[in-house]
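Heads up, the final residue of the sequence shown is numbered 490 in UniProt numbering, and it's a clean run with no missing numbers. Built from N, CA and C at the ideal position, the CB exists for glycine as well. Heads up, the thing below is written out as structure tokens.
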Amino acid sequence: MLPGEYSNLKQYHNDAISSNAVPTKERHIYIRSRYTPIQLPALDSDTVNFFVEHFMDNTGRPSQQKVYSFVLDPTRNSIRMEVYKLENIGDIKKSRVSRSKLHNISTTELYRHRECDMFWRRLGMRTFAAATGHQCVAYMKGEQVKILVSIVLTPTYINTQEGWYRLADQSTVTETGVPYKLIKVKKIKQKLFFVPRRRLTLNRGRRSRLRFGRSRRPQKDSPDLTNVYIGPWELRDLVSLEGALTSGHSVRYTVNLTNCFLMSGGGIDRLSFGDYVNTYEIYKDLVTQEITQLEFSHRKLIHGDHGFMSILKEIIVHSNSTVIVTVTYLLPASNHVFKQGQWYCRLYDFAQKDGSLKFITEPHKNVMPIKKFSSLLSLLQKGRLVRMSVDYNICAGARTKAISGGEITDYDVMESEKFLEVSMSRQLTSYRGYHKFVLNFVTFVFHSNGNVLVRATTMDSLTYMPYTSSKMHCNFGTMDDKGSVRLFYQ
Numbered sequence: 001m002l003p004g005e006y007s008n009l010k011q012y013h014n015d016a017i018s019s020n021a022v023p024t025k026e027r028h029i030y031i032r033s034r035y036t037p038i039q040l041p042a043l044d045s046d047t048v049n050f051f052v053e054h055f056m057d058n059t060g061r062p063s064q065q066k067v068y069s070f071v072l073d074p075t076r077n078s079i080r081m082e083v084y085k086l087e088n089i090g091d092i093k094k095s096r097v098s099r100s101k102l103h104n105i106s107t108t109e110l111y112r113h114r115e116c117d118m119f120w121r122r123l124g125m126r127t128f129a130a131a132t133g134h135q136c137v138a139y140m141k142g143e144q145v146k147i148l149v150s151i152v153l154t155p156t157y158i159n160t161q162e163g164w165y166r167l168a169d170q171s172t173v174t175e176t177g178v179p180y181k182l183i184k185v186k187k188i189k190q191k192l193f194f195v196p197r198r199r200l201t202l203n204r205g206r207r208s209r210l211r212f213g214r215s216r217r218p219q220k221d222s223p224d225l226t227n228v229y230i231g232p233w234e235l236r237d238l239v240s241l242e243g244a245l246t247s248g249h250s251v252r253y254t255v256n257l258t259n260c261f262l263m264s265g266g267g268i269d270r271l272s273f274g275d276y277v278n279t280y281e282i283y284k285d286l287v288t289q290e291i292t293q294l295e296f297s298h299r300k301l302i303h304g305d306h307g308f309m310s311i312l313k314e315i316i317v318h319s320n321s322t323v324i325v326t327v328t329y330l331l332p333a334s335n336h337v338f339k340q341g342q343w344y345c346r347l348y349d350f351a352q353k354d355g356s357l358k359f360i361t362e363p364h365k366n367v368m369p370i371k372k373f374s375s376l377l378s379l380l381q382k383g384r385l386v387r388m389s390v391d392y393n394i395c396a397g398a399r400t401k402a403i404s405g406g407e408i409t410d411y412d413v414m415e416s417e418k419f420l421e422v423s424m425s426r427q428l429t430s431y432r433g434y435h436k437f438v439l440n441f442v443t444f445v446f447h448s449n450g451n452v453l454v455r456a457t458t459m460d461s462l463t464y465m466p467y468t469s470s471k472m473h474c475n476f477g478t479m480d481d482k483g484s485v486r487l488f489y490q
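If you want it as structure tokens, here you go:
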């Protein structure tokens, strides 16, 4: 999945076109990257290696050349990526001399900062995420700085984000606000193959063999990565969140509002809480198709000092990792606002070990796609946990260009098992910029032939008087086709 050539040309042009909205110092520079699979005698035979080249500002000479070496790390329940820096290798694509120089490189010529190794874990069925550890520290102009890097890899693009922070006072040296999105523009299938020679290794020990892709001769000692346990994984950006939610994984969040900035209101005594993200909505920019924000909410009933009371928690996550959290106390009978507070938070604070709002998934859970109507019906009747994701962009008659989804908690079977109806809802404290308590209510009717009829209504949460209503026609698909409705089970 990784081999290929990548470019952020689309992102670079979007910054230039919207020059009034993007300050010059925040614009993305033009980057091309090339990841070529290689086999190096200088590295252990139980590693998977890539020769990495980064090109800046449309130059033909690479500004950086590295070797990424992957090996299974059982102690961290992850795949360790060792990064080796290279100098003056040249263009291995065009020059035989450069290829020979890379082939004959010795271990003394491979420089690696061990504390800055990155750790990869499976995020979705075809999505992986990586991050540096908290010990990645370097010196800059005589002072120590912490370096934090995160990467999200999918079959079609790579997202990268980086930040440098002074260790003394946690102040920011530099950081990437909006991640770099490099789209795969060319696949690389040919491997630079070198005949390995046996060598002695020092202080590395015997490590688990790791292989990607298919092998002509199956190896008994090659582990099945789908069966390797991977612990809970922290999602650090909006792309990671979207990848986990739309691939059927459970995502839990925790909030600590004491680390956030109070924008309005106050008097809220429950400043730390958490739950699973159930019904959600993801929005994209209509021009660039980049993900701009994620919205979800929860409502619960509590015993208060003034009797029963409802607490509505609304969370909006933006692409620049800022988060708006609104907590509202309501009197259930009238939806009268008893008290309300709104906070400005960060999804993940690179200068801290923990952010004010964390999202966690469990990528080791075996999430499988549902491919047929009969399978969906059978799994629900067996009591299996089923989640769905709907991309309204490819539904006929859709007025919204969002992606929504959540867990199927109730269903009805109709007309001799030819139809299946499920519903999802979400409550909000505003509607089109006005302070109104509304209920977004959506029903999905699955037909045995694969069609899905969707009815969406926004109504007053107390009187059920509709404000807007729409009907859409979607279709039932899997991860491998263009279906607008996808379902998964655990």
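Query raised in the report: Which term fits S321, buried or exposed, when burial requires 16 or more other beta carbons within 10 angstroms of its beta carbon?
Result: Classification of S321: buried, given that the 10 Å Cβ count is 16 or more.
Query - Run of the alpha helix (DSSP H) containing S250, from where it starts to where it stops - result: Run containing S250: none; DSSP gives neither H nor E here.
Query raised in the report: Would DSSP call residue 492 helix, strand or coil?
Result: Not covered by the structure: residue 492. The range shown for the chain is 1 to 490.
Query - Beta-carbon proximity check, S272 vs V287, cutoff 8 Å - result: No, Cβ-Cβ distance for S272 and V287 is not below 8 Å.
Query raised in the report: In its own chain, which residues sit with a C-beta less than 7 Å from the C-beta of R217, not counting the 5 before and 5 after it?
Result: Low confidence applies here, because R217 scores a pLDDT of 40, under 50, leaving its location unreliable; read the following figure in that light. Counting only Cβ-Cβ distances below 7 Å, and skipping sequence neighbours, we find nothing.
Query raised in the report: Within the chosen definition, does the stretch 417–424 reach the stretch 444–460 through at least 3 CB pairs nearer than 8 Å?
Result: Between the stretch 417–424 and the stretch 444–460, the count of Cβ pairs shorter than 8 Å is three or higher; the stretches touch.
Query raised in the report: Which residue from T279, T328 and A130 puts its Cα closest to that of S264?
Result: Nearest C-alpha to S264: T328.
Requested in this report: Give me the Cβ distance between Y280 and G142, rounded to the nearest whole Å; I'm assuming they're in contact under 8 Å.
Outcome: 46 Å between Cβ atoms; not a contact.
Query raised in the report: Does DSSP classify I394 as helix, strand or coil?
Result: Reduced to three states, the DSSP call for I394 is helix.
Query raised in the report: Is the stretch 4–19 in contact with the stretch 29–40, if contact means three or more CB pairs nearer than 8 Å?
Result: With the cut-off at 8 Å, the stretch 4–19 and the stretch 29–40 touch.
Query raised in the report: Between the beta-carbon of A131 and the beta-carbon of R252, is there less than 8 Å?
Result: Not closer than 8 Å, so no.
Query - Cβ-based burial, S215 [other Cβ within 10 Å; buried from 16] - result: Its pLDDT being 37, under 50, S215 is placed unreliably in this model, and the value from its coordinates should be taken loosely. With fewer than 16 other Cβ atoms from the protein chains shown falling within 10 Å of its own Cβ, S215 counts as exposed.
Query raised in the report: If you draw a straight line from the alpha carbon of Q64 to that of C116, how long is it in whole angstroms?
Result: Taking the straight line joining both Cα atoms gives about 17 Å.
Query - Cut-off 8 Å between Cβ atoms - residues of its own chain near T361, not counting five sequence neighbours on either side - result: Taken in chain order, the residues that qualify are L123, P232, W233, L235, A244, H249, S250, V251 and R252.
Query raised in the report: Does DSSP classify H54 as helix, strand or coil?
Result: The three-state reading of DSSP puts H54 in strand, counting E and B together.
Report task. Grab the span of the beta strand (DSSP E) containing S425 for me, first residue to last. Result -> That run of the beta strand (DSSP E) goes F419 to L428.
Query - Enclosing beta strand (DSSP E) for Q342 [first to last residue] - result: Following the DSSP letters along the chain, one finds Q342 inside the beta strand (DSSP E) bounded by residues H336 to R346.
**Report entry** Local Cβ density within 10 Å of P196, reported as buried at 16 or more and exposed below that
**Finding:** Confidence at P196 is low in this model, with a pLDDT of 39, below 50, so the placement of that residue is unreliable and no value is reported for it.
Requested in this report: Mark R270 as exposed unless 16 or more other C-beta atoms lie within 10 angstroms of its C-beta, in which case mark it buried.
Outcome: Answer is exposed; the Cβ neighbour count stays below 16.
Query raised in the report: For R112, which beta-bridge partners are listed by DSSP?
Result: Y84.
Query raised in the report: Which word fits P23, buried or exposed, when buried means at least 16 other C-beta atoms lie within 10 angstroms of its C-beta?
Result: Result: exposed.
Query raised in the report: Helix or strand or just coil, what does DSSP make of F373?
Result: Helix, per DSSP.
Query - Enclosing alpha helix (DSSP H) for N440 [first to last residue] - result: Unbroken run through N440 is the beta strand (DSSP E), V438 to H447; no alpha helix (DSSP H).
Requested in this report: With H13 as the anchor, note down where its alpha helix (DSSP H) starts and where it stops.
Outcome: Run containing H13: L9 to I17, per the alpha helix (DSSP H) assignment.
Query - Coil, strand or helix - G142 by DSSP - result: Of the three classes helix, strand and coil, the one that applies to G142 here is coil, per DSSP.
Query - Sequence-distant residues of the same chain with beta carbon closer than 6 Å to S69, five excluded per side - result: So the list reads L43, T47, N49 and E82, once near-sequence residues are dropped.
Query raised in the report: Since L241 and L294 are thought to touch, with beta carbons under 8 Å apart, how far apart are those beta carbons, to the nearest angstrom?
Result: Contact between L241 and L294 is confirmed by a C-beta separation of about 6 Å, below the 8 Å threshold.
Requested in this report: Inspect the beta-carbon positions of I403 and I282 and report whether they are closer than 8 Å.
Outcome: A contact, by the Cβ cut-off of 8 Å.
**Report entry** CB contact check: C260 to chain D, cutoff 8 Å
**Finding:** No chain D appears in this structure, which consists of one protein chain only.
**Report entry** Cβ neighbours of I158 in the same chain (closer than 6 Å, five flanking residues each side left out)
**Finding:** Take I158, set aside five residues on each side of it, and the residues of its chain with a beta-carbon closer than 6 Å to its own are Y6 and L182, in chain order.
Query raised in the report: Would you call the stretch 384–401 and the stretch 429–438 in contact, with 3 or more CB pairs under 8 Å?
Result: By the Cβ rule, the stretch 384–401 does not count as touching the stretch 429–438, because fewer than three pairs are nearer than 8 Å.
Query - Which listed residue (G60, D73, R432 and Y84) has its alpha carbon closest to that of K66 - result: Among G60, D73, R432 and Y84, the Cα nearest to that of K66 is on Y84.
Requested in this report: Can you tell me which of the three DSSP states Q170 falls into?
Outcome: Correct three-state label for Q170: coil.
Query - K25 (DSSP reduced to helix, strand or coil) - result: Here K25 sits in helix by DSSP.
Report task. Return the first residue and the last residue of the beta strand (DSSP E) that M465 is part of. Result -> Per DSSP, M465 is not a residue of any beta strand (DSSP E), being assigned neither H nor E.
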